[in-house]
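Okay, structure first, notes after.
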Amino acid sequence: MRSEVLRSEKGGYNKTDVLTKIDALSALLMMAEEGVDSSKIMPELEKVRQRPMRKEKGGFFGTIGFAAEDTDNYIADLEAKLMNALSDR
């Protein structure tokens with residue numbers, strides 16, 4: 626994902642769920658970059674992957690969330706960076 630901000634859209638992912646997942650992935654990425662053993666990171670990564678990201682209600686009176694496509698791409702990019710950091714050792 627480039628340096629753009631996640632777009633907002635009606636019916637997108639719940640913003641709190643997304644930010645929680647991104648924070649957890651970022652923490653794991655920092656751990657990997659600091660040299661923490663992958664045997665400690667991989668179980669935590671699975672837990673993060675299991676965290677649900679609820680969708681907001683769409684429609685006329687829908688709630689605004691983060692755009693699903695942007696979010697999915699951003700999270701996939703973070704996971705790729707994490708896996709790359711783990712394999713670079």
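Here the sequence shown is numbered in this note's numbering, starting from 626 and rising by one per residue. All C-beta atoms, glycine included, are put in the ideal place defined by N, C-alpha and C.
For Thr641, is the classification buried or exposed, using 16 other Cβ atoms within 10 angstroms of its Cβ as the cut-off for buried?
exposed
Going straight from the alpha carbon of Met708 to that of Pro677, what length do you get?
21 Å
Would the stretch 631 to 641 count as touching the stretch 692 to 700 if we require 3 or more Cβ pairs under 8 Å?
Touching, per the Cβ criterion.
My parser needs the alpha helix (DSSP H) runs of 4 or more residues fully inside the stretch 638 to 665; what are they?
Entirely contained in the stretch 638 to 665, the alpha helix (DSSP H) runs reaching 4 residues are, in chain order, 640 to 658.
Cut-off 8 Å between Cβ atoms - residues of its own chain near Lys680, not counting five sequence neighbours on either side:
Listed in chain order, the non-local C-beta contacts of Lys680 below 8 Å within the same chain comprise Gly636, Gly637, Tyr638, Asn639, Gly690, Ala693, local neighbours out to five positions each way being set aside.
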